[in-house]
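S.K.: Be aware that the sequence shown starts at 64, since it is given in my numbering, and climbs by one per residue. Glycine included, C-beta positions come from ideal geometry on N, C-alpha and C. Once you've had a glance at the structure underneath, I'll fire off some questions.
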Amino acid sequence: MFSAVVRGELKPEQLAAALVSMKIRGEHPNEIAGAATALLENAAPFPRPEYLFADIVGTGGDGSNSINISTASAFVAAACGLKVAKHGNRSVSSKSGSSDLLAAFGINLDMNADKSRQALDELGVCFLFAPKYHTGFRHAMPVRQQLKTRNPVQRTRPADQPGASAAGVDWRL
């Protein structure tokens, strides 16, 4: 199903019905895996470094109206010497997504993959703006924003990160 979403083959009503259905009954592991596979198979490449790095991913709208802890944690981890490729998006079901926070601080979200890799190498932290890497999910964004609820796409993290750490170092907050 998620391959069809990436290709824009579902009508908004069909996608809304599928997402709400999954939310009500609970997502099955194979659906989450299917979403992650569809995202990765259609993701723009990121030049992965050979060194150890991490992605600190958030919950994607935890419903607690908390601050964006995962983005702040990425900067703390980078300040402590861990290189962090933070992958995220605008808010869908919460008050603030990671890119909302970074944009408010004037950080360029539109960096290409090479510039992001350069930031990771030189600064120890970079941000991979999900819409630049997962362009096919633009078809789902209006429905996701309208539903304002967590969905299987958010449950794929960190497996959907285009620069996923070869060392498998990922934390979920």
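Quick check: the Cα distance between D118 and P108, rounded to an integer number of angstroms?
M.R.: Mapped onto the sequence shown, residue 118 falls at position 55. Mapped onto the sequence shown, residue 108 falls at position 45. Distance between the alpha carbons of D118 and P108: 16 Å.
S.K.: Tell me the DSSP secondary structure of F65 in three-state form.
M.R.: In the sequence shown, the residue the question calls residue 65 occupies position 2. F65: helix per DSSP, three-state reduction.
S.K.: Taking all protein chains shown into account, do 16 or more other C-beta atoms lie within 10 angstroms of the C-beta of G160, making it buried, or fewer, making it exposed?
M.R.: The sequence position of residue 160 within the sequence shown is 97, counting from 1. Per the 10 Å Cβ criterion, buried.
S.K.: Can you grab the Cα-Cα spacing for the pair I132 / P194, in whole Å?
M.R.: To locate residue 132, count along the sequence shown from 1; it is residue 69. To locate residue 194, count along the sequence shown from 1; it is residue 131. Near 21 Å, if we compare the C-alpha coordinates of P194 and I132.
S.K.: Alpha carbon to alpha carbon, how far is A79 from G144?
M.R.: As a working note, residue 79 is residue 16 in the sequence shown. As a working note, residue 144 is residue 81 in the sequence shown. Rounded to whole angstroms, A79 to G144 spans 42 Å at the Cα level.
S.K.: Beta carbon of G199, beta carbon of N93: below 7 Å?
M.R.: In the sequence shown, residue 199 corresponds to position 136, counting from 1. In the sequence shown, residue 93 corresponds to position 30, counting from 1. Not closer than 7 Å, so no.
S.K.: In this structure, how does DSSP classify K151 when only helix, strand and coil are distinguished?
M.R.: Residue numbering aside, residue 151 sits at position 88 when the sequence shown is read from its first letter. One point to set straight first is that residue 151 is Gly, not Lys, in the sequence displayed. Strand at G151.
S.K.: With I87 as the anchor, note down where its alpha helix (DSSP H) starts and where it stops.
M.R.: For the purposes of this step, residue 87 is taken as the residue at position 24 of the sequence shown. Residues 75-88.
S.K.: State the beta-bridge partners of C189 as determined by DSSP.
M.R.: As a first step, residue 189 must be located in the sequence shown, where it is residue number 126. C189 is bridged to A148.
S.K.: Measure the beta-carbon distance from F192 to L164 and round it to whole angstroms, keeping in mind my assumption that it falls under 8 Å.
M.R.: As a first step, residue 192 must be located in the sequence shown, where it is residue number 129. As a first step, residue 164 must be located in the sequence shown, where it is residue number 101. About 12 Å; that fails the 8 Å criterion.
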